[in-house]
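Protein chains: 2
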Amino acid sequence: MLEAELIVAAVQMEPLFGQTEENVAKSIEKIEKAAKQGARVVVLPELCNTGYMFQSRSEAFELAEPVPSGATSQLWIETASRLGIYLVAGITERDGSKLFNSAIITGPDGYMGTYRKLHLWGDEALYFHPGDLGIPVFDTPLGRLACHICYDCWFPEVWRLQAMQGAELICVPTNWVPIPGQDPAREAMANIVVMGAAHCNSVFVVAANRTGMEREQPFIGQSLIVSQTGWPVAGPASVSEEETLIACINLAEARRKRNWNDFNQPLRDRRTDIYDEMLGSGLSRHWI
Amino acid sequence: MLEAELIVAAVQMEPLFGQTEENVAKSIEKIEKAAKQGARVVVLPELCNTGYMFQSRSEAFELAEPVPSGATSQLWIETASRLGIYLVAGITERDGSKLFNSAIITGPDGYMGTYRKLHLWGDEALYFHPGDLGIPVFDTPLGRLACHICYDCWFPEVWRLQAMQGAELICVPTNWVPIPGQDPAREAMANIVVMGAAHCNSVFVVAANRTGMEREQPFIGQSLIVSQTGWPVAGPASVSEEETLIACINLAEARRKRNWNDFNQPLRDRRTDIYDEMLGSGLSRHWI
Chain A
166 MLEAELIVAA VQMEPLFGQT EENVAKSIEK IEKAAKQGAR VVVLPELCNT
216 GYMFQSRSEA FELAEPVPSG ATSQLWIETA SRLGIYLVAG ITERDGSKLF
266 NSAIITGPDG YMGTYRKLHL WGDEALYFHP GDLGIPVFDT PLGRLACHIC
316 YDCWFPEVWR LQAMQGAELI CVPTNWVPIP GQDPAREAMA NIVVMGAAHC
366 NSVFVVAANR TGMEREQPFI GQSLIVSQTG WPVAGPASVS EEETLIACIN
416 LAEARRKRNW NDFNQPLRDR RTDIYDEMLG SGLSRHWI
Chain B
166 MLEAELIVAA VQMEPLFGQT EENVAKSIEK IEKAAKQGAR VVVLPELCNT
216 GYMFQSRSEA FELAEPVPSG ATSQLWIETA SRLGIYLVAG ITERDGSKLF
266 NSAIITGPDG YMGTYRKLHL WGDEALYFHP GDLGIPVFDT PLGRLACHIC
316 YDCWFPEVWR LQAMQGAELI CVPTNWVPIP GQDPAREAMA NIVVMGAAHC
366 NSVFVVAANR TGMEREQPFI GQSLIVSQTG WPVAGPASVS EEETLIACIN
416 LAEARRKRNW NDFNQPLRDR RTDIYDEMLG SGLSRHWI
């Protein structure tokens with residue numbers, strides 16, 4: 166089963182702020198279409214039930230829902246179960262009086278778990294609690310899935326810890342925004358970061374971004390699906406259009422092809438003797 | 166002084182195997198030309214005194230030299246001192262009966278130190294000893310320099326530990342070779358890895374690759390100089406031509422512009438609470 170080919174999908178879509186019912190309904194239409202094309206793993210953007218640009222904590226609080234008992238979670242859980250697929254979807258989560266920028270992971274047999282964004286970006290820090298569920302890896306008959314969200318991509322530690330736990334497919338719900346200094350003639354820096362990380366860790370990546378402008382914040386689309394070599398196998402998608410990327414991949418290659426030659430396997434070649442000594446020294450705290 | 170503009174150079178050249186005297190003489194011509202254009206920091210490729218493709222340990226042993234007492238080191242030390250520049254140059258080093266794939270770092274006031282490649286690539290493991298000098302950072306009046314060599318680029322831990330020690334400029338002597346799966350229409354994966362790492366760590370990078378074919382091994386050129394944004398400020402150079410890239414940069418920006426907004430500074434945003442717990446658990450060893 167592990168060696169089988171697997172079709173995966175990145176749903177690039179534009180949620181409308183605060184219109185949760187409509188957003189979730191649209192996402193389900195897109196999930197159904199992807200499943201009809203054979204997708205067994207589908208990734209939706211970050212916070213795609215509510216939109217992103219909260220103006221206050223109370224506004225975020227009102228739109229947030231418990232996971233998995235809330236209405237959005239239940240709809241996605243039912244959809245994944247009905248279609249027999251794995252779904253990773255960004256959701257505004259409320260847990261008691263805490264808010265999280267989360268992803269729900271749900272499969273053919275129902276709810277599997279939650280990832281809570283570890284590294285909050287910008288004003289998110291005003292509304293959300295930093296992720297407190299670590300970096301889980303989910304075992305499925307298709308392979309081992311992990312996920313992280315948007316700014317988490319900028320932390321090579323996250324990719325490493327996922328790969329070192331055996332993850333083969335990294336699902337990235339994201340809301341990438343323009344980066345100052347981006348040369349529009351070149352690949353988006355977010356794509357460069359993803360490609361380099363996939364390559365250096367020998368993992369597949371499905372990154373689903375949103376599009377559109379929300380309360381004056383533009384989003385950059387350019388979702389992509391990357392193989393364990395670091396090269397895109399689908400996308401980058403356009404900057405502004407809703408579209409679903411579909412790719413047929415073989416997750417076993419993430420680990421089977423990780424021996425790059427007779428000597429080198431990038432995760433085993435890590436010089437932990439050096440890193441651990443330096444990281445433990447505490448000296449570096451003076452400089453960062 | 167730290168805020169001053171600084172001209173840096175990446176010397177892309179083709180050493181001829183085993184012709185140390187000629188290679189070093191050529192490198193010095195190129196260093197002199199770069200210095201005439203105002204360069205204060207010059208980076209040469211990996212193993213550029215001897216060439217790369219050793220066929221046996223004894224062959225490597227014969228070509229290797231002590232650092233800094235050997236003839237090659239002394240010539241480079243004299244050159245940097247005479248020109249009042251900082252030079253980072255790849256050298257085949259012998260220390261007693263150990264061989265290292267090293268870089269000498271030397272400045273206006275003479276020899277400053279040695280970096281020994283931590284992560285050996287392919288057959289290098291047959292000839293060289295893995296680096297045993299850690300990841301040093303060199304303080305200069307121009308800013309803080311660190312270096313690593315070729316395959317070291319593939320280890321985000323190295324970039325992180327340099328940046329966390331306050332390094333602003335990462336000098337990379339390299340001998341990049343073709344990577345299977347490279348789409349020739351796209352940026353070299355080595356360049357993508359460097360750009361992503363510069364961006365995620367907010368450091369400048371001067372990467373000097375070699376060109377040419379040696380004992381059936383092609384090298385890919387495409388040296389580049391990247392700003393702390395991750396975008397090239399010079400290069401990538403051609404695949405096959407000798408050329409020297411020159412760029413005027415401001416090293417202070419590596420740290421002054423590391424606050425990306427009111428909340429985020431990528432090195433301070435690291436979730437060491439999560440990483441340390443997971444790295445310390447040892448669980449991951451089963452999977453990599």
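For the record, the sequence lines run as chains A and B.
Position 171 (the first sequence) corresponds to 336 in the numbering used here; numbering is contiguous.
Position 70 (the second sequence) corresponds to 235 in the numbering used here; numbering is contiguous.
Glycine residues also receive a C-beta, built at the ideal position from the N, C-alpha and C atoms.
Here the structure is a predicted model, which is why all the values come from computation and not from measurement.
| query | result |
| --- | --- |
| For my contact list, Glu-211/A and Gly-255/A are in at a C-beta cut-off of 8 angstroms; report their separation, rounded to the angstrom. | 4 angstroms |
| Using a C-beta cutoff of 9 angstroms, does Phe-428/B count as contacting chain A? | yes |
| Spell out whether any CB of chain A is found under 9 angstroms from the CB atom of Leu-167/B. | In this prediction, Leu-167/B scores a pLDDT of 43, lower than 50, which makes its location untrustworthy; no coordinate-derived value is stated. |
| Quick check on DSSP: helix, strand or coil for Val-370/A? | strand |
| Would you decide whether Leu-310/B is buried or exposed? Buried here means 16 or more other CB atoms lie within 10 Å of its CB. | buried |
| Would you say Ala-373/B reaches chain A, if we count a Cβ-Cβ gap shorter than 9 angstroms as a contact? | no |
| Examine chain B for any beta-carbon lying closer than 9 angstroms to the beta-carbon of Glu-322/A, and answer yes or no. | yes |
| In whole angstroms, what separates the C-alpha of Pro-231/B from that of Val-253/B? | 16 angstroms |
| For Asp-434/B, which residues in chain A fall below 7 angstroms Cβ to Cβ? | His-284 |
| Just the chain A side, please: which residues come within less than 7 angstroms of Gly-346/B by C-beta, in chain order? | Thr-394 and Trp-396 |
| Thinking just about the alpha-carbon of each residue, which of Ile-335/A, Ala-236/A, Val-342/A and Arg-222/A is nearest to the one in Ala-290/A? | Arg-222/A |
| Just to confirm the assignment, what range does the alpha helix (DSSP H) spanning Asn-188/B have? | 185 to 201 |
| Kindly list, in the order they appear in chain B, the residues whose Cβ is closer than 7 angstroms to that of Gly-299/A. | Ile-439 and Met-443 |
| Taking only the alpha-carbon atoms, compute the straight-line gap between Gln-430/A and Asn-188/B and give it to the nearest angstrom. | 32 angstroms |
| Would you mind reading off the limits of the beta strand (DSSP E) that contains Met-277/B? | 275 to 281 |
| At 3 residues or longer, what runs of the beta strand (DSSP E) sit wholly inside the stretch 319 to 402 of chain A? | 334 to 338, 369 to 373, 389 to 391 and 397 to 399 |
| So, helix, strand or coil for Ala-412/B, using DSSP? | strand |
| Exposed or buried, which one is Asp-317/B when buried takes at least 16 other CB atoms within 10 Å? | buried |
| Do Tyr-458/A and Ala-225/A have their C-beta atoms within less than 9 angstroms of each other? | Any answer about residue 458/A is impossible in this case: the structure gives chain A only from 166 up to 453. |
| What residues of chain A sit near Trp-319/B, judged by a beta carbon separation below 7 angstroms? | Cys-365 and Pro-431 |
| Give the DSSP-derived three-state secondary structure of Ser-267/B in the structure shown. | strand |
| Residues of chain A with CB closer than 9 angstroms to the CB of Gly-287/B, please, in chain order. | Trp-425, Asn-426, Asp-427, Phe-428 and Asn-429 |
| Bridge partners for Cys-312/A per DSSP, in chain order? | Cys-336/A |
| Taking C-beta pairs closer than 7 angstroms, name the residues in chain B that Val-358/A reaches, listed in chain order. | Gly-361, His-364 and Cys-365 |
| Contact between the stretch 379 to 398 of chain B and the stretch 414 to 425 of chain B: three or more CB pairs below 8 angstroms? | yes |
| Are the Cβ atoms of Gly-296/B and Ile-414/A separated by less than 9 angstroms? | no |
| What is the rounded straight-line gap between the Cα of Ile-193/B and the Cα of Ala-332/A? | 48 angstroms |
| Only counting the same chain, and skipping five residues up and downstream in sequence, which positions put a Cβ closer than 7 angstroms to that of Arg-259/A? | Phe-226, Ala-229, Glu-230 and Pro-231 |
| Please state whether DSSP places Glu-243/B in a helix, a strand or coil. | helix |
| Using three-state DSSP, classify Phe-303/B as helix, strand or coil. | strand |
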